[in-house]
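A.B. asks: For the record, the sequence lines run as chains A and B.
Using my numbering, the letters of the first sequence correspond one by one to residues 1 to 161.
Using my numbering, the letters of the second sequence correspond one by one to residues 1001 to 1161.
Glycine included, C-beta positions come from ideal geometry on N, C-alpha and C.
Here it is: the structure, laid out below.
There are 2 protein chains.
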Amino acid sequence: MATTSSRTQRTDPLTLEVVELIGTVVARYHEEYDAAAGKHALTGAQARVLGLLSLEPLPMRRIAQKLKCEPSNITGIIDRLEARGLVERRPDPADRRVKLAAPTEEGLTVARSLRESLNFAREPLAELSREERLSLRGLLRRMVGEDAGLLADPATPAGYD
Amino acid sequence: MATTSSRTQRTDPLTLEVVELIGTVVARYHEEYDAAAGKHALTGAQARVLGLLSLEPLPMRRIAQKLKCEPSNITGIIDRLEARGLVERRPDPADRRVKLAAPTEEGLTVARSLRESLNFAREPLAELSREERLSLRGLLRRMVGEDAGLLADPATPAGYD
DNA sequence: TATTGTTATACTCTATAACTATA
DNA sequence: TATAGTTATAGAGTATAACAATA
């Protein structure tokens, strides 16, 4: 025991400030995300799904799993994206029960635009030098508990694509 | 120019990974937040408002400003919190147009419980030493652009109380 | 006149349950 | 029978517009 225990001191000012800063980052993240989606007249959920599908077409069921919501909700979201010509439903040759949701050409374009105008932290991160970003990566990795780089699904970086 | 420009290289792997990690943190943040709210059968918005009011009673208008939504939405949220006996509407002696939303005793208790079970990052941060948390704070501060500690509203740390 | 809170309306997201068509 | 997607339904959050009470 070198200095004051950092595990028992649950409300020390330093930890609280870091938590607060993370809250700020989270808020900033959403502001950017919603603003980017809004530019294309998309809701957050729609933008998220479109971003997912731009990586690879997915069965409805898989989308629900990625979004952590009930499959019945996906129907409506895809309906709206389809009505706007950004997504289309394709039959799955292997299983005639499943429908694959895939982005159209325009959908891909919008997804790309979204990703570019989005990419939160690109701006904020620009403030940091390479060394600092390396340091930040290390700290975040430890926070996230990603010791070796084991993500449940390689295609799913996080909740928000 | 020491190494490769870090501002023009917009898609370098390091930056992308950090962005990805931030996305993971954001997702984790919400999981914890929603789980904590769910334990009390509260929605995210309700928990957020209750948390705000636990710091100080606020006019409906102010709540909308803090949540960055239209004032008309607050009516319903406060209605539901009031129906559950967690919040009450008080007249403002100074201006009879405004109604102050204030937590009840039970509301304060729930808010406290929420804050305790919540406090995201307390666990993850426990993994970091004091020095590492100091380092993380510094990096986040720079990301957030909080050079001196100038927040628009001292009572509002972030989007999520 | 301007402002505060509310109501009315409409849309989206969400969960639950029941239905259909496949498997 | 089990599964994929859908439909129907209900609750909640959101924005817009119009309203009553007060300033």
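Is it buried or exposed for residue 13 of chain A, if we count other Cβ within 10 angstroms and need 16 for buried?
C.D. replies: Start at 1 with the first residue of the first sequence, and residue 13 of chain A comes out as number 13. Residue 13 of chain A is exposed by the Cβ-count criterion.
A.B. asks: What whole-angstrom Cβ distance do residue 1144 of chain B and residue 140 of chain A have, given they're in contact under 8 Å?
C.D. replies: In the second sequence, residue 1144 of chain B corresponds to position 144, counting from 1. In the first sequence, residue 140 of chain A corresponds to position 140, counting from 1. With 8 Å as the limit, residue 1144 of chain B and residue 140 of chain A do not qualify as a contact, their Cβ atoms being about 15 Å apart.
A.B. asks: Tell me whether residue 100 of chain A sits in a helix, a strand or coil according to DSSP, three-state version.
C.D. replies: Locating residue 100 of chain A in the first sequence gives position 100, where the first residue counts as 1. DSSP places residue 100 of chain A in strand when its eight states are reduced to three.
A.B. asks: Would you list, in sequence order, the uninterrupted alpha helix (DSSP H) runs of no fewer than 4 residues that lie entirely inside the segment 1048–1072 of chain B?
C.D. replies: 1060–1067
A.B. asks: Closest to residue 111 of chain A by CA distance: which of A/19, A/36 and A/18 is it?
C.D. replies: Start at 1 with the first residue of the first sequence, and residue 111 of chain A comes out as number 111. Nearest C-alpha to residue 111 of chain A: A/36.
A.B. asks: For residue 1088 of chain B, which beta-bridge partners are listed by DSSP?
C.D. replies: Position 88 of the second sequence holds residue 1088 of chain B. Its beta-bridge partners are B/1102.
A.B. asks: Which of the three DSSP states, helix, strand or coil, is assigned to residue 30 of chain A?
C.D. replies: In the first sequence, residue 30 of chain A corresponds to position 30, counting from 1. Looking at residue 30 of chain A - three-state DSSP - the assignment turns out to be helix.
A.B. asks: Any idea if residue 23 of chain A is buried or exposed, counting beta-carbon neighbours within 10 angstroms, 16 or more meaning buried?
C.D. replies: Translated into positions along the first sequence, residue 23 of chain A becomes position 23. Residue 23 of chain A should be labelled buried.
A.B. asks: Kindly indicate which three-state DSSP category residue 36 of chain A falls into: helix, strand or coil?
C.D. replies: Taking the first residue of the first sequence as 1, we reach residue 36 of chain A at position 36. Of the three classes helix, strand and coil, the one that applies to residue 36 of chain A here is helix, per DSSP.
A.B. asks: According to a CB-to-CB cut-off of less than 7 Å, which residues of the segment 1053–1064 of chain B neighbour chain A?
C.D. replies: none
A.B. asks: Assuming the contact rule is C-beta atoms closer than 8 Å, residue 1164 of chain B and residue 1088 of chain B should be a hit. Round their C-beta distance to whole Å, please.
C.D. replies: Residue 1164 of chain B falls outside the range modelled here, since chain B spans only 1001 to 1161, and no answer is possible.
A.B. asks: For a test of the three-state rule: what should DSSP assign to residue 94 of chain A, helix, strand or coil?
C.D. replies: For the purposes of this step, residue 94 of chain A is identified with residue 94 of the first sequence, where counting begins at 1. Coil, per DSSP.
A.B. asks: Can you tell me whether residue 6 of chain A is buried or exposed, with buried defined as 16 or more other CB within 10 angstroms of its CB?
C.D. replies: The sequence position of residue 6 of chain A within the first sequence is 6, counting from 1. Because residue 6 of chain A sits at a pLDDT of 42, beneath the cut-off of 50, its placement in the model cannot be relied upon, and the following sentence gives the value as read from the coordinates. The residue in question, residue 6 of chain A, is buried, as its Cβ has 16 or more Cβ neighbours within 10 Å.
A.B. asks: From residue 32 of chain A to residue 44 of chain A, what does the alpha carbon distance come to, in whole angstroms?
C.D. replies: Numbered from its first residue, the first sequence carries residue 32 of chain A at position 32. Numbered from its first residue, the first sequence carries residue 44 of chain A at position 44. Looking at the two C-alpha atoms, the distance is approximately 11 Å.
A.B. asks: Tell me which same chain residues have a C-beta within less than 7 Å of the C-beta of residue 1063 of chain B, skipping the five on either side of it?
C.D. replies: In the second sequence, counting from the first residue as 1, residue 1063 of chain B sits at position 63. 1049, 1052, 1074 and 1101.
A.B. asks: Within this structure, are the beta carbons of residue 1114 of chain B and residue 1047 of chain B separated by less than 7 Å?
C.D. replies: Mapped onto the second sequence, residue 1114 of chain B falls at position 114. Mapped onto the second sequence, residue 1047 of chain B falls at position 47. The Cβ atoms of residue 1114 of chain B and residue 1047 of chain B lie closer than 7 Å to each other.
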